[in-house]
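Working notes for the structure below.
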Amino acid sequence: MKITIDDREIEAEKGQTILEVAQKAGIEIPTLCYNKALSPYGACRLCTVEMTKGKRSKLVTACTYPVEDGITVKTKSERVLKARRVIMELLLARCPNSDEIKELAARMGVVKSRFRTLGDPTEKCILCGLCVRTCQELMEVNAIGFAGRGMKRDITTPFDKLSDICTTCGACEFVCPTNSIKLNEITGKKPVPLLSEFNMGLISRPAIYKPFPQAVPNVPKIDRDNCMHFLKGSCGACERFCDAKAIKYDQEDETEKLDVGSIILAPGFNEFDPSLKREYGYGIYPNVVSSIEFERLLSASGPSGGHVQRPSDGKTPKKIAFIQCVGSRDANTNEYCSSVCCMYAIKEAIVIKEHAPGVEPHIFFMDIRAFGKEFDDYYTRAKEEYDVRFTRCRAANVEETENNDLILSYVENGEPKEEKFDFAVLSVGLEAPRDSQELSEKLGIELNKYNFCSTKTFSPLETSKPGVYVCGVFSGPKDIPDTVAQASGAAVKASSLISSERGKLVTIKEYPPEKKIEGAAPRIGVFVCHCGINIGGVVDVPAVTEYARTLPNVVYGEDNLYTCSQDTQERIKEQIKEQDLNRVIVASCTPRTHEPLFQETLREAGLNPYLFEFVNIRDQCSWVHMHEPERATEKAKDLVRMGVAKARLLEPLQREKTEVTPSALVLGGGLSGMIAALEIAKQGFEVHLVEKESDLGGNLRKLHYLLSGEDPKKKLKELIKEVEENQRIHAYTNTIVTNVEGYIGNFKTTLMNKNENKVEIEHGAVVVATGGEEYKPKEYLYGEDTRVITQLELEEKMSESNFETQKVVMIQCVGSRNDERTYCSRVCCAQAIKNALKIKEKNPDSNVYILYKDVRAYGFNEAYYKEASENGVIFFRYDDENKPKVERENGILKVSFLEPILNEEFAIEPDLLVLSAATLPPKGNEYLAKMLKVPLSKDGFFLEAHMKLRPVEFATDGIFLCGLAHSPKPVDESISQACAAASKVCTILSKPFVEGEGIIARVNEALCSGCGLCVEICPYKAISLDEKTEKATINSALCKCCGACVAGCRMGAIQQKGFEDREILNVLDAALLEEFA
Amino acid sequence: MNVITNVEEKATEKVWEPKIIAFLCNWCSYAGADLAGVSRIQYPPTVRVIRVMCTGRMNPSFVIKAFQNGADGVLVAGCHPGDCHYIQGNLYARRRYSILAGLIEFLGIERERFMMSWVSASEGGKFAKVVTELTDRVKKLGPQNQLRRP
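Listed below in structure tokens is the structure:
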């Protein structure tokens, strides 16, 4: 049947009410007592509309009146508005102090009521009965109902007694439009809130919810264990609310069987439960929180919007204690080091300091393990720029005072101390996932003694079962960059097994030929979405559509209930044909989620996908201006007009394809280089492996044993053999690179061997694995006395049979963590422990002393640190103010130092002094960096595109890095990175083409002055100056479409397609002047 | 082409509400503005958003043009330093902003009308706050007529 609402003819179905039909059409009618999930009640009368049937017209409530064929409805006539105002006056008289009623009344133009308030002026209940109906119809509990008559009518429990049957579900409070009903007046039971897992239980969440704001997929899920529908068969509100009919309660979990060739395990970790460390009072004292809870408190999207408040009183804390190693490095809980807590505590301290400058963060630690790339600089900044205090101790316990302040007891330099804090953060450690045992049994993989996945030094990504790989914290605590590298590495491992099947399951979609639009006047179609009531409930969508039709070049406009639905895609395609559209605008949600869908529709209709413009009238309009429908509608019109201004100037764009040479160049034939080469070759691609020395192996040649007991010498031989026997790997020793040209997919490189013979090779990608070298110390008599050697030299000496020593001193951080080189060399602590244990193994009676600044035996290496201590290796700490002194008197070597706990000068006369020398970037790095046009870090190592998220990639496409070239790191981490770099290379080589972006920058050579500024600006090295013309040229395969060069060009010679100056300026005209070109 | 002919007449009908142009980068701030919507955080309907891929694309002339066209305020928002999708485009924008802010002032426009902010994809609340703050500032200053072309 058809009815007319506000002069619009609308299709309606029998059984629908006027309100339902109007809402579906996006026509707003105010309601108070209406709820989609409940039977209509007609109590508040606010939805009054004027209904005309034949010649009779009368006022009816839209929520209860069933539609009839041919009726006419007016929702905004003067008669209707007047009636509604009287209703508001009556409500205002009943509840003169309800903010919600006052606000609603004001919106309808009612400020004052002509009626007297007879009852309680603090009354808030408008007797709409939503709570009663919810309790009866949805929850099927019947805990509350109406009682009394007339002035005494009230909502209450039977006999006004606290209810026993109330389930404290809280639905009544939730639906109450005036915040009138209170659960604690209904029942004596305490409600049990569902706690938000994402926000660490700091706030509650509903039983249907999105797990977190950027969840993938970003759709709600139902918590079946707590949903009333699943528990009792009641409610079902969400099903009735969802216009898209997406809620299906009968959906079951399905078991799917997949045939796979390999498996990657990435189950992550569980954080340590800090309540097990009772001495710190977690779970007892409200102001003691875990570091992960603190992370949520700090987050702008967290429970308190980023303002850290004390749970006890909501006050901003001033003095915050961070207690380290909670559940790590602890015999009673976890023996290993969790590797990441030092850095996250420092980060949290800096973030809180930036947010609230008056705060005084104070970190209580045992060793600061800032071993990652440039982490020590961050630590130094925390101390020097942010005034974060650091105290070396093991915090003993926490006690609470009357006003919930905390007293922390600790021992510093042998002296017991106490300090008062407002707030304490426990830096909890990382534990194996709780279900790791189960996983291990199901998959038949071995776990280590801490229940993490067991891996070996030379196979860090492989589980004990062939074909099953592992990455991330499941194989041991690690930071983001290491995790990301392992993830890529595991991917290459898993796919090399099945590389012969690559692409076999892919089907290529065919599109109709693209319509030529050059020279044709723009013919724009505008599709405006109601998004159910998400947009239509606020913005007057028909009015916006009507307005769009009046705009220049708009030849077609329509509104849709859901523009993204499958049938609307068909409609859009039809209209493109029927109306001969050559530009399409969709005004709906956000391009970030839906632009690809509509672009695909355009392609299917034979239009270039770049002839599409998105107008965001939901996320950035109707949802954020819910109480201002008129202004939201104005804004939506403005936005559509801006969209039209842009669309008129859009041009078809193509993504340029360049062919890929399916081979790789690996620079450096050490461990990382060999691993990368082997992994790329295993995927079926040719590799050119270049080593400047006469032999492959690099630093691995200098390792004689490992902490794990594996034999590096044996592994080295195996690796070299494997490389030499692999038909796809071409190894060039005694060879250097003299020239690199080209870009992703198409490099040309000149190699030169020691006889100065040159060879030119073509390849699609580059891996930089040029390694590092041990520092030759200038300090501590190194080079002057043969008894002073480095750790690598010690290792060499010990591998000889005649090694003998009685007393050895090792000094850590020689050449690292000083003013000249601020970074930590990462490997030396474990190396010193390894060598100390070896000395003790050879001669248990020998004495080994290690002088250190922090023992950075991170991860599972902590166990070896413990073992060394237990075996009698003695550790003495020194600091920068009191560095050890080494002298030679009468041929006797003497090492003296200040022992900080006893504050006493010690002297040892060793027969061997071993220096843990820094790992240096090779001198050739600068030369190579210039040739490849990639950056170096301030420390001289190669600098990746992003320290955390892109650890093995350069910003320039097609060039990757791994191993010591990136920063100092041990064998297993080098291998993980090498596999990651290989993985990245294979993503390029496995495709026949590199496809560029559409919205790239383009140079107008007539305007270009050849100044080269854009070449400097481009972070991707996509721009170069043509040697002949001296004009800028942009490599479409490298351009990432940021547009920085466009804004930087003094001549205005560069434009970014889709974001040209003329387009943006035209949009500005449309936005503000309402007139445009 | 003149779509609505009598702008002045329209203006006299209603209480003056400021118009603010916001340039948001695609990856962080535009996503942050979307998140404000998803979280239903309300803010005044004063901004008209223009999406650019990166704040590094921001040509200073866009800001001048916005003021010439009668914008009462201009907001530029991008990724936090270190988080730029394009490595350092936001830092280029920051440099341009600091110079441009001086020029804007020199032109006689109150500096408070021109604002740059870092809004990440997870900071819906911050985006709403920034818009509300700029709206309040601009409301106090009244309509911008200094550069507005007659």
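So the sequence lines, in the order shown, correspond to chains A and B. Number 8 in the numbering used here belongs to position 8 of the first sequence; there are no gaps in the numbering. Number 57 in the numbering used here belongs to position 57 of the second sequence; there are no gaps in the numbering. For each residue, glycine too, the CB sits at the ideal point set by N, CA and C. Bear in mind that the values here come from a model prediction, so they are computed numbers and not experimental data.
**Asked** Looking at the unbroken alpha helix (DSSP H) that takes in residue 488 (chain A), where does it start and where does it end?
**Response** If you number the first sequence from 1, residue 488 (chain A) lands on position 488. Element bounds for residue 488 (chain A): 480 to 496.
**Request:** Return helix, strand or coil for residue 1 (chain B), following the three-state DSSP convention.
**Result:** In the second sequence, counting from the first residue as 1, residue 1 (chain B) sits at position 1. Annotation note: pLDDT 41 at residue 1 (chain B) (below 50); position unreliable, no value reported.
**Item:** Buried/exposed call for residue 5 (chain B), threshold 16 Cβ in 10 Å
**Value:** As a first step, residue 5 (chain B) must be located in the second sequence, where it is residue number 5. Legend: pLDDT at residue 5 (chain B) = 42, less than 50; position of this residue unreliable, value from coordinates given subsequently. When all chains shown are included, residue 5 (chain B) counts as exposed.
**Asked** Taking the alpha helix (DSSP H) that residue 1066 (chain A) falls in, what are its first and last residues?
**Response** Position 1066 of the first sequence, counting from 1, holds the residue named residue 1066 (chain A). For residue 1066 (chain A), the enclosing alpha helix (DSSP H) has its first and last residue at 1061 to 1072.
**Request:** Could I get the ranges of all uninterrupted alpha helix (DSSP H) runs contained in the stretch 563 to 603 of chain A, with 4 residues as the minimum, in chain order?
**Result:** DSSP runs (the alpha helix (DSSP H)) wholly in the stretch 563 to 603 of chain A: 566 to 578.
**chain A contact residues for residue 88 (chain B), given Cβ-Cβ distances below 7 Å** = Counting from one through the second sequence, the residue named residue 88 (chain B) turns up at place 88. 1019, listed in chain order.
**Prompt:** Cβ atoms of residue 68 (chain A) and residue 646 (chain A): under 8 Å apart, would you say?
**Reply:** Here residue 646 (chain A) corresponds to residue number 646 of the first sequence, with the count starting at 1. Here residue 68 (chain A) corresponds to residue number 68 of the first sequence, with the count starting at 1. No, the pair does not count as a contact, with Cβ atoms beyond the cut-off.
**Request:** My understanding is that residue 918 (chain A) touches residue 815 (chain A), with C-beta atoms under 8 Å, so please give their C-beta distance in whole angstroms.
**Result:** Stepping through the first sequence from its first residue, residue 918 (chain A) is reached at position 918. Stepping through the first sequence from its first residue, residue 815 (chain A) is reached at position 815. 3 Å between Cβ atoms; contact.
**Prompt:** Relative to the C-alpha of residue 146 (chain B), which residue among B:15, B:62, B:129 and B:71 is closest?
**Reply:** The residue labelled residue 146 (chain B) in the question sits at position 146 within the second sequence. When each option's Cα is compared against that of residue 146 (chain B), the closest is B:71.
**Request:** Determine which residues of the stretch 208 to 219 of chain A have a Cβ less than 7 Å from any Cβ of chain B, and write them out in chain order.
**Result:** 213 and 214: these are the residues of the stretch 208 to 219 of chain A whose beta carbon lies less than 7 Å from some beta carbon of chain B, given in chain order.
**Request:** Could you tell me whether the stretch 82 to 89 of chain B touches the stretch 1051 to 1068 of chain A, using the rule of 3 or more Cβ pairs below 8 Å?
**Result:** Touching, no, given that fewer than three Cβ pairs across the two stretches are closer than 8 Å.
**Message:** Using a Cβ-Cβ cutoff of less than 7 Å, which residues in the same chain neighbour residue 773 (chain A) once the five nearest sequence positions on both sides are dropped?
**Reply:** Position 773 of the first sequence, counted from the start, is the residue given in the question as residue 773 (chain A). So the list reads 920 and 922, once near-sequence residues are dropped.
**Asked** Taking just the CA atoms, how far does residue 562 (chain A) sit from residue 542 (chain A)?
**Response** Here residue 542 (chain A) is taken as the residue at index 542 of the first sequence, counted from 1. Here residue 562 (chain A) is taken as the residue at index 562 of the first sequence, counted from 1. Approximately 14 Å, taken between the alpha carbons.
**Prompt:** Roughly how many angstroms separate the alpha carbons of residue 11 (chain B) and residue 57 (chain B), rounded to a whole number?
**Reply:** Looking up residue 11 (chain B) in the second sequence gives position 11. Looking up residue 57 (chain B) in the second sequence gives position 57. For residue 11 (chain B), the predicted structure reports a pLDDT of 43, less than 50, and the residue's modelled location is therefore unreliable. A value from the coordinates is still provided. Distance between the alpha carbons of residue 11 (chain B) and residue 57 (chain B): 33 Å.
**Residues bridged to residue 679 (chain A) (per DSSP)** = One-based indexing of the first sequence puts residue 679 (chain A) at position 679. Per DSSP, residue 679 (chain A) has no beta-bridge partner at all.
**Item:** Residue range of the alpha helix (DSSP H) that includes residue 837 (chain A)
**Value:** In the first sequence, residue 837 (chain A) corresponds to position 837, counting from 1. Start and end: 828 to 842.
**Prompt:** Taking 8 Å as the CB-CB cut-off, is residue 382 (chain A) touching chain B?
**Reply:** On the first sequence, position 382 is the one that residue 382 (chain A) refers to. With 8 Å as the cut-off, residue 382 (chain A) does not count as an interface residue toward chain B.
**Asked** Taking Cβ positions, are residue 765 (chain A) and residue 932 (chain A) nearer each other than 8 Å?
**Response** Indexing the first sequence from 1 puts residue 765 (chain A) at position 765. Indexing the first sequence from 1 puts residue 932 (chain A) at position 932. Taking 8 Å as the Cβ cut-off, residue 765 (chain A) and residue 932 (chain A) do not qualify as a contacting pair.
**Message:** For the pair the stretch 1049 to 1061 of chain A and the stretch 642 to 662 of chain A, tell me if three or more CB-CB distances fall below 8 Å.
**Reply:** Enough Cβ pairs lie closer than 8 Å, so yes.
**Prompt:** What residues are listed by DSSP as bridge partners for residue 560 (chain A)?
**Reply:** For the purposes of this step, residue 560 (chain A) is identified with residue 560 of the first sequence, where counting begins at 1. A:529.
**Prompt:** Going by C-alpha distance, which of A:551, A:745 and A:738 is nearest residue 1077 (chain A)?
**Reply:** Translated into positions along the first sequence, residue 1077 (chain A) becomes position 1077. When the alpha-carbon of residue 1077 (chain A) is set against those of A:551, A:745 and A:738, the nearest one is in A:551.
**Asked** Would a check of beta-carbon distances place residue 977 (chain A) closer than 8 Å to chain B?
**Response** Position 977 of the first sequence, counting from 1, holds the residue named residue 977 (chain A). No, residue 977 (chain A) lies away from the interface with chain B (no Cβ there is under 8 Å from its Cβ).
**Asked** Three or more C-beta pairs closer than 8 Å, one from the stretch 373 to 390 of chain A and one from the stretch 856 to 872 of chain A: is that the case here?
**Response** Output reads no: the stretch 856 to 872 of chain A does not touch the stretch 373 to 390 of chain A.
**Prompt:** For residue 859 (chain A) versus residue 339 (chain A), is the C-beta distance shorter than 8 Å?
**Reply:** By 1-based counting over the first sequence, the position of residue 859 (chain A) is 859. By 1-based counting over the first sequence, the position of residue 339 (chain A) is 339. For the 8 Å CB-CB criterion, residue 859 (chain A) and residue 339 (chain A) form a contact.
**Request:** Check whether the Cβ of residue 12 (chain B) lies closer than 8 Å to any Cβ atom in chain A.
**Result:** Counting from 1 along the second sequence, the entry for residue 12 (chain B) is found at position 12. A caution first: residue 12 (chain B) carries a pLDDT of 46, below 50, which makes its placement in the model unreliable, though a value can still be read off. Taking 8 Å as the CB threshold, residue 12 (chain B) stays off the interface with chain A.
**Prompt:** Could one say the Cβ of residue 147 (chain B) lies closer than 8 Å to chain A's Cβ atoms, at least one of them?
**Reply:** As a first step, residue 147 (chain B) is located in the second sequence; it is residue number 147 there, counting from the start. Among the CB atoms of chain A, none fall inside 8 Å of the CB of residue 147 (chain B).
**Item:** residue 772 (chain A) - DSSP class collapsed to helix/strand/coil
**Value:** The sequence position of residue 772 (chain A) within the first sequence is 772, counting from 1. It is coil, neither helix nor strand.
**Prompt:** In terms of DSSP beta bridges, what is residue 787 (chain A) paired with?
**Reply:** Taking the first sequence and counting its residues from 1, the one referred to as residue 787 (chain A) is at position 787. None, per the DSSP bridge assignment.
**Message:** So that I know if they touch, is there some Cβ in chain B lying closer than 8 Å to that of residue 1064 (chain A)?
**Reply:** The residue labelled residue 1064 (chain A) in the question sits at position 1064 within the first sequence. For residue 1064 (chain A), the nearest CB of chain B lies under 8 Å from its own CB, placing it at the interface with that chain.
**Message:** The beta strand (DSSP E) that contains residue 25 (chain B), what's its start and end?
**Reply:** What you label residue 25 (chain B) is simply residue 25 of the second sequence in a count that begins at 1. Residues 20 to 25.
**Prompt:** Using a C-beta to C-beta distance shorter than 8 Å, which residues of chain A count as neighbours of residue 57 (chain B)?
**Reply:** Here residue 57 (chain B) refers to the residue found at position 57 of the second sequence. For residue 57 (chain B), the chain A residues whose C-beta falls within less than 8 Å of its own C-beta are 1042, 1043, 1044, 1046, 1047, 1056 and 1059, listed in chain order.
**Prompt:** How close, in whole Å, do the beta carbons of residue 712 (chain A) and residue 827 (chain A) come, if the pair is a contact with beta carbons under 8 Å?
**Reply:** On the first sequence, residue 712 (chain A) is found 712 positions in, with the first residue counted as 1. On the first sequence, residue 827 (chain A) is found 827 positions in, with the first residue counted as 1. About 13 Å separates the beta carbon of residue 712 (chain A) from that of residue 827 (chain A), a gap too long to meet the 8 Å contact definition.
**Request:** Report yes or no: do the stretch 662 to 680 of chain A and the stretch 825 to 844 of chain A share at least 3 C-beta pairs separated by less than 8 Å?
**Result:** No, the stretch 662 to 680 of chain A does not touch the stretch 825 to 844 of chain A.
**Asked** Helix, strand or coil: how does DSSP classify residue 272 (chain A) here?
**Response** Locating residue 272 (chain A) in the first sequence gives position 272, where the first residue counts as 1. The answer is coil: DSSP assigns residue 272 (chain A) none of H, G, I, E or B.
**Request:** Would you mind working out which of A:14, A:189 and A:166 sits nearest residue 144 (chain A), comparing C-alpha positions?
**Result:** Locating residue 144 (chain A) in the first sequence gives position 144, where the first residue counts as 1. Among A:14, A:189 and A:166, the Cα nearest to that of residue 144 (chain A) is on A:166.
**Message:** Check whether chain B comes within 8 Å of residue 190 (chain A), counting only Cβ atoms and requiring the distance to be less than that.
**Reply:** Within the first sequence, the letter at position 190 stands for residue 190 (chain A). No - not a single Cβ of chain B is within 8 Å of the one on residue 190 (chain A).
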